[in-house]
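One structure is given here, and the rest of the page talks about it.
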Amino acid sequence: MPSFSRLLKRFRNIPLRRILVVPFLLQTGLALGVTIYLLKAHQDAVFDLLSQLRQEVTKRVEQDLLEYLETPYRINRINAMAMLNGEIDAKNPVQLERRFWNQLQHFDNILTLALATPGKDFISAERRLNGSLVVRTSAPATDFVLRTYSTTSRGDRSSIINTGKSFDPLQRPWYANPVRDRKPGWTIIRPHFKGKRYLLVSDTQFSIRKDNFKASFYRILTCFI
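Pasting the structure below:
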């Protein structure tokens, strides 16, 4: 067994630089090892937290989307029931225009509310690109020419701002589809007739048996500028 004096001589022969560097390397290595251990120990916790956050975000998006898509069905049902109960009259265009106009005030995600009948009567309220609300109508009395009116602060017609061609709502998918399928539904996403927006349309067809009356509500839900 080496004596203490021999050990001391060996340490004396070690360069001072090595004596100073070795403890530093040991300390750095220890710190790195502890860091790696802590990272591995908490990795699962981090991944679990990220997974929970992702699930929460997905859940909220799904809830918002379902509520968003439920809106047109809900409004269509309200208007259909109001007409079936005699609260509103399809033969009273002014009443319908005001109702649709007022409903647009409360639903920012709705672009257009409208009603069409087998007699080709068409009544709608629409939100324009600049945010203003207009009323569109076509009827036998005007040879089914589609007219667009500006509106007052109460939703009444103000003046004609556009006169279009003859309009046949019965040929539109939002009218023909629910009549054919006998149930509410969605039409495919399609461009607006002016080509500046894409529309997703909800439609509801209903009938009043006592008058053998049928009509279709439609509601444009989504638009992309």
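Residue numbers for the sequence shown follow the working numbering, so the first one is 13 and each next one is one higher. For every residue, glycine included, the Cβ atom is placed at its ideal position computed from N, Cα and C.
Could you spell out where the beta strand (DSSP E) holding leucine 145 opens and where it closes? What you label residue 145 is simply residue 133 of the sequence shown in a count that begins at 1. First-last of the beta strand (DSSP E) with leucine 145: 145-150.
Please report how far the alpha carbon of aspartate 168 lies from the alpha carbon of isoleucine 100, in whole angstroms. Stepping through the sequence shown from its first residue, residue 168 is reached at position 156. Stepping through the sequence shown from its first residue, residue 100 is reached at position 88. If I take the Cα positions, the gap works out to 16 Å.
Would you please state the rounded distance, in angstroms, between the beta carbons of threonine 163 and valine 146? I believe it to be under 8 Å. Numbered from 1 along the sequence shown, position 151 holds the residue referred to as residue 163. Numbered from 1 along the sequence shown, position 134 holds the residue referred to as residue 146. Right, the Cβ-Cβ distance comes to about 6 Å (below 8 Å), so this counts as a contact.
Among Tyr187, Asn97, Arg166 and Ile122, nearest to valine 106 - alpha-carbon criterion: Start at 1 with the first residue of the sequence shown, and residue 106 comes out as number 94. That would be Arg166, whose Cα lies nearest to the Cα of valine 106.
Leaving aside the five residues before and after aspartate 133 along the sequence, list all residues of the same chain whose C-beta is less than 7 Å from its C-beta, in chain order. As a position in the sequence shown, residue 133 is number 121, starting the count at 1. Within the same chain, aspartate 133 has close Cβ partners Ala151.
Anyone know if the C-beta pair for threonine 160 and asparagine 174 falls short of 7 Å? For the purposes of this step, residue 160 is taken as the residue at position 148 of the sequence shown. For the purposes of this step, residue 174 is taken as the residue at position 162 of the sequence shown. Yes; because the gap between Cβ atoms is below 7 Å, this pair is in contact.
What's the gap between the Cα of asparagine 97 and the Cα of proline 130? The sequence position of residue 97 within the sequence shown is 85, counting from 1. The sequence position of residue 130 within the sequence shown is 118, counting from 1. About 20 Å.
Between which two residues does the alpha helix (DSSP H) harbouring leucine 116 extend? The residue given as residue 116 occupies position 104 in the sequence shown. Residues 105-118.
Could you give the C-beta distance for valine 93 and alanine 102, rounded to a whole number, given that I count them as a contact under 8 Å? On the sequence shown, residue 93 is found 81 positions in, with the first residue counted as 1. On the sequence shown, residue 102 is found 90 positions in, with the first residue counted as 1. Inspection of the sequence shows that residue 93 is occupied by methionine rather than by valine. Contact flag wrong, Cβ pair sits at about 14 Å.
How many whole angstroms separate the CB atoms of leucine 108 and leucine 127, which I take to be in contact at a CB cut-off of 8 Å? Position 96 of the sequence shown, counted from the start, is the residue given in the question as residue 108. Position 115 of the sequence shown, counted from the start, is the residue given in the question as residue 127. Confirmed, about 6 Å.
Can you give the beta carbon distance from threonine 149 to isoleucine 172, rounded, assuming they're within the 8 Å contact cut? Here residue 149 is taken as the residue at index 137 of the sequence shown, counted from 1. Here residue 172 is taken as the residue at index 160 of the sequence shown, counted from 1. Rounded, the Cβ-Cβ distance is 10 Å, inconsistent with contact.
List the endpoints of the continuous beta strand (DSSP E) containing glycine 176. The sequence position of residue 176 within the sequence shown is 164, counting from 1. Element bounds for glycine 176: 169-178.
Nearest-angstrom Cα distance between aspartate 120 and glutamine 75? Counting from 1 along the sequence shown, the entry for residue 120 is found at position 108. Counting from 1 along the sequence shown, the entry for residue 75 is found at position 63. Rounded to the nearest angstrom, the two C-alpha atoms are 18 Å apart.
Less than 6 Å between C-beta atoms, sequence neighbours within five positions excluded: which residues of the same chain meet that for phenylalanine 112? Taking the first residue of the sequence shown as position 1, residue 112 is located at position 100. For phenylalanine 112, where only same-chain residues beyond five positions count, the Cβ hits under 6 Å are Leu125 and Ala137.
What does the Cβ neighbour count give for leucine 72, buried or exposed, with the cut at 16 atoms within 10 Å? For the purposes of this step, residue 72 is identified with residue 60 of the sequence shown, where counting begins at 1. Note that residue 72 corresponds to arginine in the displayed sequence, not to leucine. Looking at its Cβ environment, which holds fewer than 16 other Cβ atoms inside 10 Å, arginine 72 is exposed.
If you drop the 5 nearest sequence neighbours on each side, which residues of the same chain put their C-beta closer than 6 Å to that of leucine 81? By 1-based counting over the sequence shown, the position of residue 81 is 69. Cβ neighbours of leucine 81 beyond the five flanking positions: none.
Distance, threonine 70 Cα to glutamine 115 Cα: One-based indexing of the sequence shown puts residue 115 at position 103. One-based indexing of the sequence shown puts residue 70 at position 58. Cα to Cα, glutamine 115 sits roughly 30 Å from threonine 70.
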